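Number 384 marks the last residue of the sequence shown (the working numbering); no jumps.
The beta carbon of each residue, even a glycine, is placed where N, CA and C say it ideally should be.
Just so you know, these numbers come straight off a predicted model, no measurement behind them.
Have a look at the structure below before the remarks.
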Amino acid sequence: MKKIFLASLLIVLGFQITISQELAAVRENGKVGYIDKQGEFVIAPAYKKANNFSDGLALVLDGKKWGYINADGSWAIEPQFKKAKDFSAGVAMVISGKDWIYIDKTGKELKLASSDKKYAFKDGVAFIKKGKSVGLMNGKGEVIAEPKFQIIKGFRDGYAKCALNDKWGIIDNKGKIVIALEYTGIGNYVNGVVRAEKGEGNLGLVTSDGFVKVEGASRIWDFKAGGKYTIAKKGEQIGFIDTKGNWVIEPQFVKAKAFKNGYAGVYNGNKWGFVDINGKVVIDYKFDDVDYFSPEGLAPVKNDDWGFINTKGEMVIEAKYGITVSSFGFLSGKVQEKGFVEGLARVKYNKKWGFLKPDGKVLADKWFENAEPFVKVK
7 MKKIFLASLL IVLGFQITIS QELAAVRENG KVGYIDKQGE FVIAPAYKKA
57 NNFSDGLALV LDGKKWGYIN ADGSWAIEPQ FKKAKDFSAG VAMVISGKDW
107 IYIDKTGKEL KLASSDKKYA FKDGVAFIKK GKSVGLMNGK GEVIAEPKFQ
157 IIKGFRDGYA KCALNDKWGI IDNKGKIVIA LEYTGIGNYV NGVVRAEKGE
207 GNLGLVTSDG FVKVEGASRI WDFKAGGKYT IAKKGEQIGF IDTKGNWVIE
257 PQFVKAKAFK NGYAGVYNGN KWGFVDINGK VVIDYKFDDV DYFSPEGLAP
307 VKNDDWGFIN TKGEMVIEAK YGITVSSFGF LSGKVQEKGF VEGLARVKYN
357 KKWGFLKPDG KVLADKWFEN AEPFVKVK
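Structure, rendered in structure tokens:
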């Protein structure tokens with residue numbers, strides 16, 4: 007009985023490890039492989055090009071054909087496609103012959119909702135087009151939003167901007183309108199709030215309570231995920247507002263970055279520093295550029311090169327690195343966060359890329375030709 011119990015426990019634990027595994031694509035000796043968060047290769051470098059994992063599979067180029075691999079490196083779908091897109095909602099778009107088609111995770115062709123043009127699935131949905139109008143379908147091929155919209159922008163964390171009759175609103179990836187289409191301009195929906203314009207010069211925020219004008223605002227930036235405050239401009243100066251549209255820090259800065267983990271980077275026209283939520287300068291203006299503080303209490307700052315300071319403004323990781331803000335081209339091209347993300351920071355040193363730990367040590371003491379952020383493998 008004990009042996010059976012232990013075997014069952016190992017199976018369960020193994021399953022939990024698999025679903026919570028995080029891998030990063032890296033290039034070594036001209037080939038792409040995947041490392042875990044200990045810096046060890048779990049999939050050896052073997053591919054000319056490769057994407058990070060998406061929906062449990064990674065798109066890789068083997069020879070001249072694209073295929074999909076599992077998290078253990080085995081083939082889920084053998085390389086056979088001239089072009090292909092990442093999986094989302096169990097569906098991927100590939101070229102078979104001369105045409106784009108949809109396939110499932112076994113490589114079987116799917117017949118989904120008809121559309122004048124095929125679009126790749128992202129965030130669980132794909133666009134469908136009829137004439138000049140756009141709608142949405144889910145991974146089952148069900149139409150969840152009829153093609154009646156002028157525009158639906160790309161989805162971010164389950165939400166997208168959409169327009170009908172020159173009025174903007176927000177739609178979710180279930181096809182539900184969460185912000186009515188009644189605005190002349192709109193931002194990205196984050197934390198249940200979105201910046202919007204209701205007629206020329208009438209800027210404010212929209213929540214479940216409706217539209218609230220932000221007095222004097224000439225521009226409002228999007229909120230950051232998990233953030234309670236965002237940047238807004240009045241006249242020629244920048245301040246901060248909360249989700250109710252109240253000015254919590256009066257406009258007084260030339261530039262600013264959003265609050266994250268209790269601090270925001272601000273620019274006085276010459277150098278960058280940091281303020282707390284009371285607007286007090288807690289780290290003096292002395293940097294050419296800054297980014298957000300991480301949960302570890304570290305922020306990337308730049309003069310000649312990038313280093314990391316703590317919340318006292320002390321340089322705790324030497325300023326000698328480059329920090330990328332987007333992918334390298336062999337992957338998706340999506341904009342990525344700088345600084346520490348879930349315990350690791352991707353940096354460049356001596357033309358190589360690696361991952362720093364909060365103590366300043368390099369993950370596994372390894373450097374790569376390229377390195378992408380870690381992503382969770384479902």
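{"Item": "Starting from the N-terminal side, write out each stretch of the beta strand (DSSP E) that is 3 residues or longer and does not extend beyond the segment 244-300.", "Value": "253-259, 270-273, 278-281, 287-293"}
{"Item": "Does the ligand ZN have a heavy atom nearer than 8 Å to the CB of Lys-124?", "Value": "Looking at this structure, you won't find the ligand ZN or any other ligand, since it has none at all."}
{"Item": "Do Phe-346 and Ala-30 count as a contact pair if the criterion is CB distance below 9 Å?", "Value": "no"}
{"Item": "Excluding the 5 residues flanking Ala-126 on each side, which residues of the same chain have their C-beta closer than 6 Å to its C-beta?", "Value": "Lys-91, Met-99"}
{"Item": "Report the option in Ala-151, Met-143, Gln-243, Gly-137 whose CA atom is closest to the CA atom of Tyr-108.", "Value": "Met-143"}
{"Item": "Can you have a look at Pro-301 and say buried or exposed, based on whether 16 or more other CB atoms are within 10 angstroms of its CB?", "Value": "exposed"}
{"Item": "Nearest-angstrom Cα distance between Tyr-298 and Lys-117?", "Value": "45 Å"}
{"Item": "Exposed or buried, Gly-198, counting other C-beta atoms within 10 Å across all chains shown (16 or more means buried)?", "Value": "exposed"}
{"Item": "Out of curiosity, what's the CA-to-CA distance linking Thr-112 and Val-32?", "Value": "26 Å"}
{"Item": "At what residues does the beta strand (DSSP E) containing Ile-109 begin and finish?", "Value": "105-109"}
{"Item": "To the nearest angstrom, report how far apart Gly-339 and Asn-57 are at their CA atoms.", "Value": "Residue placement at Gly-339 cannot be trusted, given a pLDDT of 43 that sits under 50; what the coordinates show is reported in the next sentence. Their backbone Cα atoms lie some 10 Å apart in a straight line."}
{"Item": "Suppose you measure from the CA of Tyr-355 to the CA of Lys-250; what does that come to, to the nearest Å?", "Value": "43 Å"}
{"Item": "Quick one: what's got a C-beta closer than 7 Å to Gly-360's C-beta in the same chain, skipping five residues either side?", "Value": "Val-353, Val-368, Leu-369, Lys-372, Trp-373, Phe-374, Ala-377"}
{"Item": "Kindly give me the distance between the Cβ atoms of Asn-179 and Gly-141, rounded to whole angstroms, as I take these residues to be in contact under 8 Å.", "Value": "Contact flag wrong, Cβ pair sits at about 13 Å."}
{"Item": "Alpha carbon to alpha carbon, how far is Lys-230 from Gly-175? Give it in angstroms, no decimals.", "Value": "19 Å"}
{"Item": "In whole angstroms, give me the CA-to-CA distance for Lys-55 and Asp-163.", "Value": "26 Å"}
{"Item": "Would you tell me roughly how many angstroms separate the C-alpha atoms of Gly-319 and Glu-84, rounded to the nearest one?", "Value": "52 Å"}
{"Item": "Of all the beta strand (DSSP E) runs that stay within the bounds of the segment 164-192, which reach a length of 3 or more residues?", "Value": "165-170, 173-178, 183-189"}
{"Item": "Using the rule of at least 16 other Cβ atoms within 10 Å of the residue's Cβ for burial, across every protein chain shown, is Val-331 buried or exposed?", "Value": "Reliability fails at Val-331, whose pLDDT of 46 lies under 50, so the model's placement of it is uncertain and the value that follows must be treated cautiously. Exposed, by the Cβ-count rule."}
{"Item": "May I have the straight-line CA-CA distance separating Pro-257 from Glu-324, to the nearest angstrom?", "Value": "33 Å"}
{"Item": "Looking at the unbroken beta strand (DSSP E) that takes in Gln-86, where does it start and where does it end?", "Value": "81-87"}
{"Item": "For Ser-60, report the span of its beta strand (DSSP E) as first-last.", "Value": "From DSSP, Ser-60 is part of no beta strand (DSSP E); its letter is neither H nor E."}
{"Item": "Just reading off the beta strand (DSSP E) that Glu-152 is part of, what are its end residues?", "Value": "149-155"}
{"Item": "Alpha carbon to alpha carbon, how far is Gly-285 from Lys-384?", "Value": "41 Å"}
{"Item": "Alpha carbons only, please: which of Lys-167, Asp-295, Ala-351 is nearest the one belonging to Gly-303?", "Value": "Ala-351"}
{"Item": "Just to confirm my understanding: we take Asp-365, look at its own chain, exclude 5 residues before and 5 after, and list those with CB closer than 8 Å. What are they?", "Value": "none"}
{"Item": "Express the C-alpha separation of Trp-106 and Asp-122 in angstroms, rounding to a whole number.", "Value": "12 Å"}
{"Item": "Identify, in the order they occur along the chain, each residue of the same chain with its Cβ nearer than 8 Å to the Cβ of Phe-293, setting aside the five sequence neighbours on each side.", "Value": "Lys-277, Trp-278, Gly-279, Val-307, Lys-308, Asn-309"}
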